[in-house]
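Under my numbering, the first residue of the sequence shown carries the number 72, and numbering increases by one thereafter. What follows is a set of notes on a single structure, which appears directly below.
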Amino acid sequence: MIKKLLIITLMAIAGIGTEAILAQEHSITPDGTFMYAKRDTCDLFMDVYDPAEGSIREAYGIEKPTVIFMFGGGFIHGTRDDADYHKWFRMMTENGYRVISIDYRLGLKGSDKVGVAQVNVLDKAIHMAVEDLFSATNFILDNADQFGVNPSNIVISGSSAGAISVMQAEYEIANETQWASVLPAGFNYAGVMSFSGAILSREGKVDFKKSPCPTLMLHGTSDELVPYDQIKVFSLGFFGGGKLVERFKKYGLNYNMYHFTDYGHEIAGSMDTTLDLQLKFLETNVMQKKMRIVEAWISDPDVFKGSGPQSRKELYGN
């Protein structure tokens with residue numbers, strides 16, 4: 072029963088989506104589009120949004136980082152150039168940040184059954200996305216001069232399935248797994264920003280061989296799609312922000328955690344309304360490398376509530 076609940080919850084991610092969550096009124100055109108990888112099933116592209124003309128590109132005498140973004144959509148759908156994200160892209164570039172929004176393979180596309188095998192399918196889907204993120208990172212590093220990117224100043228961010236992917240990616244780096252071996256020796260990101268993300272572990276509680284980079288997590292306490300807490304059976308577990316922060320505390324890591332009280336999965340699409348939290352994290356924890364620990368519970372009616380599926384019942388009708 073517990074394992075079935077885990078499977079159903081993991082599969083529920085397939086209907087996350089972020090349609091109608093972010094405002095679509097602030098369109099923005101990329102400054103360049105580049106193919107970064109060829110796969111058997113598709114070519115993968117990235118859109119580069121340079122800092123807006125006239126924007127301030129430094130703070131405290133320090134260059135602002137480049138932010139790689141991974142879209143949401145449950146590993147079933149979603150696109151790097153979805154209009155729902157344009158407002159946030161524009162806000163970031165107007166604040167002097169370069170944003171690079173990337174494609175990744177949708178490893179659950181076409182999945183319509185919930186069964187024991189789906190846990191393995193989800194695991195594969197997550198790691199396909201991680202693999203693509205690492206390929207995109209290597210492409211950016213190889214072309215850093217062309218893009219104007221400082222290789223030591225790259226932040227990864229994601230919404231929903233994208234947030235799962237960036238959290239999983241940093242988990243692989245911190246644990247020096249085979250997945251991370253494709254990156255240059257000693258490389259790590261400057262920071263992670265997760266909007267309703269989680270980590271999938273087959274080895275019980277989440278542990279780290281070495282400290283991950285500074286991490287910003289935002290998660291709704293009533294999220295029924297990407298679990299805020301955890302779903303665990305034997306050594307298999309899916310750990311959301313509410314549980315991950317306990318591990319970050321235990322290891323004395325550099326993190327900001329915002330628990331959005333009574334909010335569900337709409338926090339995955341709150342990037343524009345929580346921008347102040349992101350900028351403070353980027354300027355303090357990432358750029359100044361300060362050990363600024365924040366854990367806050369927020370009940371704010373001004374955080375935009377989305378209209379997409381928020382529960383398994385809405386998604387599956389049962």
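Don't be surprised by glycine CBs; every beta carbon is placed ideally from N, CA and C.
Within the same chain, show all residues whose beta-carbon is closer than 8 Å to that of Q95, passing over the 5 residues directly before and after it, in chain order.
-> If you number the sequence shown from 1, residue 95 lands on position 24. In this prediction, Q95 has a pLDDT of 46, which is less than 50 and means its spatial position is unreliable; what the coordinates show is noted afterwards. Answer for Q95: A154, D155, H157, K158, listed in chain order.
Using three-state DSSP, classify G145 as helix, strand or coil.
-> Here the question's residue 145 lines up with position 74 in the sequence shown. G145 falls in the coil class under three-state DSSP.
Does the distance from the CB of V226 to the CB of Y175 come in under 9 Å?
-> For the purposes of this step, residue 226 is identified with residue 155 of the sequence shown, where counting begins at 1. For the purposes of this step, residue 175 is identified with residue 104 of the sequence shown, where counting begins at 1. Their beta carbons are not under 9 Å apart, which means V226 does not touch Y175 by this criterion.
With 16 as the cutoff for other CB atoms within 10 Å, does C284 come out buried or exposed?
-> Counting from 1 along the sequence shown, the entry for residue 284 is found at position 213. Buried is the call here.
By Cβ distance below 6 Å, which residues in the same chain neighbour S231 in space, the five residues on each side in sequence not counted?
-> The residue you call residue 231 lines up with position 160 of the sequence shown. Excluding residues within five positions, the ones whose Cβ falls inside 6 Å are I87, G143, S267, A339.
From the DSSP output, read off the bridge partner residues of L115.
-> Residue mapping note: residue 115 aligns to position 44 of the sequence shown, counting from 1. A108, per the DSSP bridge assignment.
Cut-off 8 Å between Cβ atoms - residues of its own chain near K384, not counting five sequence neighbours on either side | Residue mapping note: residue 384 aligns to position 313 of the sequence shown, counting from 1. Any reading at K384 must be qualified, since the residue scores a pLDDT of 42, below 50, and its modelled position is unreliable; no value is offered.
Say whether the segment 316-324 touches the segment 332-346, bearing in mind that this needs 3 or more beta-carbon pairs closer than 8 Å, one atom from each stretch.
-> The segment 316-324 vs the segment 332-346: no contact.
Inside the segment 204-248 only - alpha helix (DSSP H) runs reaching at least 4 residues = 215-218, 232-245
Does the count of Cβ pairs from the segment 160-177 and the segment 195-203 closer than 8 Å reach three?
-> yes
Which of the three DSSP states, helix, strand or coil, is assigned to S370?
-> Residue mapping note: residue 370 aligns to position 299 of the sequence shown, counting from 1. Three-state result, S370: coil.
Give the single residue among K109, E129, T164 whose Cα lies nearest to the Cα of P101.
-> By 1-based counting over the sequence shown, the position of residue 101 is 30. Closest by alpha carbon: T164.
Enumerate, from N- to C-terminal direction, the unbroken beta strand (DSSP E) stretches of 3 or more residues contained entirely within the segment 270-317.
-> 286-291, 301-304, 307-311
Is the beta carbon of V297 less than 9 Å from the beta carbon of I235?
-> The count along the sequence shown starts at 1 and reaches residue 297 at position 226. The count along the sequence shown starts at 1 and reaches residue 235 at position 164. Their beta carbons are under 9 Å apart, which means V297 touches I235 by this criterion.
Taking the C-alpha atoms as reference points, what is the distance between N221 and A130?
-> Locating residue 221 in the sequence shown gives position 150, where the first residue counts as 1. Locating residue 130 in the sequence shown gives position 59, where the first residue counts as 1. So the two alpha carbons sit approximately 15 Å from each other.
Among Y334, V237, H198, D114, which has the Cα closest to the Cα of D373?
-> Your numbering for residue 373 matches position 302 in the sequence shown. Of the candidates Y334, V237, H198, D114, the one whose C-alpha sits nearest the C-alpha of D373 is Y334.
Just the Cα atoms here: how many angstroms apart are L307 and Y242?
-> Sequence index remark: in the sequence shown, residue 307 carries index 236 (1-based). Sequence index remark: in the sequence shown, residue 242 carries index 171 (1-based). The alpha-carbon atoms of L307 and Y242 are separated by roughly 15 Å.
If we ignore side chains and look at the alpha-carbon of each, how far apart do M328 and D213 end up?
-> Taking the first residue of the sequence shown as position 1, residue 328 is located at position 257. Taking the first residue of the sequence shown as position 1, residue 213 is located at position 142. Straight-line Cα distance between these residues: approximately 33 Å.
When the distance is taken between beta carbons, is G167 closer than 9 Å to A196?
-> Residue numbering aside, residue 196 sits at position 125 when the sequence shown is read from its first letter. Residue numbering aside, residue 167 sits at position 96 when the sequence shown is read from its first letter. Taking 9 Å as the Cβ cut-off, A196 and G167 do not qualify as a contacting pair.
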